[in-house]
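Inspection log for the structure reproduced underneath, given as structure tokens.
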Amino acid sequence: MAGIQHLISTLALCRKLALVAFGLSLAMAVMAKPLQADEFHFLYNSQLKLRSDYELEVLKAALEATKVEYGDYAIITRESGNTISRLIRQAQEDPEVLLWASPYNPINRGIAVIEYPILNGVLGLRSIIVHQDNLPRLNRVNTLEQLKQFTIGQGPGWTDVAIYKHNGFNVTEARLTRLFQMTANKRFDLFPLGRIEIDKQTLQSKNGGDVLTIAPNHMIYYPHPVLFHLGQKHTKAVKRLRDGLATITNNGVLEALFETHFPQVTAQLRQPGTKVFKLKNNTLPDEYLEQMSHLPLLKDVR
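In structure tokens:
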């Protein structure tokens, strides 16, 4: 009887040891397996390459700044081109972390908006694309009331449409891919785009670009912060982006990136004879207006 009890005790001990060994091996396997990198699917707009390249660099800098705390990351770029409402639906439905950078828009509900402006307030500084035949007429403009006599083309769903209409302009809406050709065909007079979204070389590559030019002495400005957007269900990604942007905003990395990409903006603002027409942005909440008021780059045009 004692022998049987001893055998039972030995078998029980062996079973416990086997379970412990299995648990240890499982734990070691988990520890040995590399942590999966956080994937971010960034919507890149090839129609606005200058701006998109910069936004991608900002995203990389923000994720790099959080690497110690959050681990590795991977950025997959996708071509953008949908309307804002369509992007919001995609972000809500897509199982991947889909994100993009765009101006504040009141319709951006049901998604997370990272509240750190990434473009130093400069997207609201608009270069004016115009048909070469209309440039002499534009060059004679000295007041905002005179400028309102010109018709404007903008993209559907852009916040800019509401801003221009609120300030008394007549606006035609069309997809971005058509706006250059429509300007060339004189379907409207002016096509304002962000100063950092267009330059002479980029303009020449567009449909109708051979008869278009960028007004050398006239610009438009309104407060227009550009922010990262993504599905709010991706809570870890939201927190990581928020932490990363806070870091690079406060340590000067964001400002350095901007100056590297867009040194021409400061130069043009200081150019003698440049006229900047200021509009009100009726779509922007007070907290963003306050935030934009402290940006040093645009102090001369407010």
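When we follow this note's numbering, the leftmost residue of the sequence shown carries the number -10, and every step to the right adds one.
We put the beta carbon where it would ideally sit given N, CA and C, even for glycine.
(Q) Looking only at its chain, what residues have a beta carbon closer than 7 Å to the beta carbon of V215, apart from the 5 residues adjacent to it on each side? (A) Taking the first residue of the sequence shown as position 1, residue 215 is located at position 226. Counting only Cβ-Cβ distances below 7 Å, and skipping sequence neighbours, we find A90, S91, P92, P106, I107, L108 and L112.
Q: Indicate the three-state DSSP secondary structure (helix, strand or coil) for R259 in the structure shown.
A: Along the sequence shown, one-based indexing puts residue 259 at 270. Here R259 sits in coil by DSSP.
Q. Since V200 and A163 are thought to touch, with beta carbons under 8 Å apart, how far apart are those beta carbons, to the nearest angstrom?
A. By one-based count along the sequence shown, residue 200 stands at place 211. By one-based count along the sequence shown, residue 163 stands at place 174. Not really, about 18 Å apart at Cβ, beyond 8 Å.
Q. Beta-carbon separation of L284 and I103 under 7 Å?
A. For the purposes of this step, residue 284 is taken as the residue at position 295 of the sequence shown. For the purposes of this step, residue 103 is taken as the residue at position 114 of the sequence shown. No.
Q: Classify R115 as buried or exposed, calling it buried when 16 or more other Cβ atoms lie within 10 Å of its own Cβ.
A: As a position in the sequence shown, residue 115 is number 126, starting the count at 1. Classification of R115: buried, given that the 10 Å Cβ count is 16 or more.
Q.
Strictly by DSSP, which residues pair up with L88?
A. As a first step, residue 88 is located in the sequence shown; it is residue number 99 there, counting from the start. According to DSSP, which records beta bridges pairwise, L88 is partnered with F31 and L219.
**Q.** In DSSP terms, what I209 is bridged to
**A.** Within the sequence shown, the letter at position 220 stands for residue 209. According to DSSP, I209 bridges with R115 and F266.
Q) For S180, does the three-state DSSP call read helix, strand or coil? A) Taking the first residue of the sequence shown as position 1, residue 180 is located at position 191. The question names Ser, but residue 180 is Phe in the sequence shown. DSSP places F180 in strand when its eight states are reduced to three.
Q.
Within 10 Å of its beta-carbon, does V292 have 16 or more other beta-carbons around it, so buried, or fewer, so exposed?
A. This structure does not reach residue 292, given that the chain is present from -10 up to 291, and the question cannot be answered.
**Q.** Endpoints, the alpha helix (DSSP H) within which G241 is located
**A.** Translated into the one-based positions of the sequence shown, residue 241 becomes position 252. From DSSP, G241 is part of no alpha helix (DSSP H); its letter is neither H nor E.
(Q) Which residue marks the beginning of the beta strand (DSSP E) containing V57, and which one marks its end? (A) Numbered from 1 along the sequence shown, position 68 holds the residue referred to as residue 57. Taken as a continuous stretch (DSSP letters only), V57 belongs to no beta strand (DSSP E), being part of the alpha helix (DSSP H) at K56 to Y59.
Q. Roughly how many angstroms lie between the CA atoms of F251 and Q221, to the nearest whole one?
A. Position 262 of the sequence shown holds residue 251. Position 232 of the sequence shown holds residue 221. Cα to Cα, F251 sits roughly 31 Å from Q221.
Q) When burial is assigned at 16 or more other CB atoms within 10 Å of the CB, is T132 buried or exposed? A) As a working mapping, residue 132 is identified with position 143 in the sequence shown. Burial call: exposed.
(Q) Can you give me the C-alpha to C-alpha distance between A63 and F29, rounded to a whole angstrom? (A) As a first step, residue 63 must be located in the sequence shown, where it is residue number 74. As a first step, residue 29 must be located in the sequence shown, where it is residue number 40. Taking the straight line from one Cα to the other gives about 6 Å.
Q) Are the beta-carbon atoms of Q170 and G198 separated by less than 7 Å? A) Mapped onto the sequence shown, residue 170 falls at position 181. Mapped onto the sequence shown, residue 198 falls at position 209. Cβ atoms of Q170 and G198: not closer than 7 Å.
Q. Under 7 Å, do L165 and Q36 count as touching if we go by C-beta distance?
A. As a first step, residue 165 must be located in the sequence shown, where it is residue number 176. As a first step, residue 36 must be located in the sequence shown, where it is residue number 47. Taking 7 Å as the Cβ cut-off, L165 and Q36 qualify as a contacting pair.
**Q.** DSSP state of V150 mapped onto helix, strand, coil
**A.** Here residue 150 refers to the residue found at position 161 when the sequence shown is read from its first residue. If DSSP states are grouped into helix, strand and coil, V150 belongs with the helices.
Q: Taking H120 as the reference, give the member of I141, Y277, A80 and K264 with the closest Cα.
A: Your numbering for residue 120 matches position 131 in the sequence shown. Nearest option by C-alpha distance: I141.
Q. Do P181 and I152 come within 7 Å of each other at the CB atom, strictly closer than that value?
A. Along the sequence shown, one-based indexing puts residue 152 at 163. Along the sequence shown, one-based indexing puts residue 181 at 192. Contact flag unset, no.
Q: Can you have a look at R126 and say buried or exposed, based on whether 16 or more other CB atoms are within 10 angstroms of its CB?
A: Translated into the one-based positions of the sequence shown, residue 126 becomes position 137. Burial call: exposed.
Q) Can you list, in chain order, the residues of its chain whose CB lies under 7 Å from that of A51, leaving out five sequence neighbours each side? A) One-based indexing of the sequence shown puts residue 51 at position 62. Excluding residues within five positions, the ones whose Cβ falls inside 7 Å are L230, G233, L234 and I237.
Q: Return the first residue and the last residue of the beta strand (DSSP E) that L161 is part of.
A: Locating residue 161 in the sequence shown gives position 172, where the first residue counts as 1. Correcting the residue identity first, residue 161 is Thr in this sequence and not Leu. Per DSSP, T161 belongs to the beta strand (DSSP E) from V160 to E162.
Q: Within 10 angstroms of the Cβ of A26, are there 16 or more other Cβ atoms? Answer buried if so, exposed if not.
A: Along the sequence shown, read from residue 1 onward, the residue named residue 26 stands at position 37. Answer is exposed; the Cβ neighbour count stays below 16.
Q: Could you name the residues that DSSP lists as bridge partners for R67?
A: Walking along the sequence shown from the start, residue 67 turns up at place 78. Answer is L32, bridged to R67.
(Q) If you follow the alpha helix (DSSP H) that I77 is in, where does it begin and where does it stop? (A) Indexing the sequence shown from 1 puts residue 77 at position 88. From DSSP, the alpha helix (DSSP H) with I77 extends over I73 to E82.
Q | E68 versus R78 - alpha carbon distance | A | One-based indexing of the sequence shown puts residue 68 at position 79. One-based indexing of the sequence shown puts residue 78 at position 89. For E68 and R78, the distance between alpha carbons rounds to 16 Å.
Q) Candidates P145, N239, D149 and R184: which alpha carbon is nearest I117's? A) On the sequence shown, position 128 is the one that residue 117 refers to. The candidate whose alpha carbon is nearest that of I117 is R184.
Q: Might you give, ordered along the chain, the residues of its own chain that have their beta carbon closer than 6 Å to the beta carbon of E46, omitting 5 neighbours on each side?
A: Residue numbering aside, residue 46 sits at position 57 when the sequence shown is read from its first letter. Taken in chain order, the residues that qualify are L246.
(Q) Let me confirm a value: T55 is counted as buried when at least 16 other C-beta atoms fall within 10 Å, else exposed. Which label applies? (A) Against the sequence shown, residue 55 aligns to sequence position 66. When all chains shown are included, T55 counts as buried.
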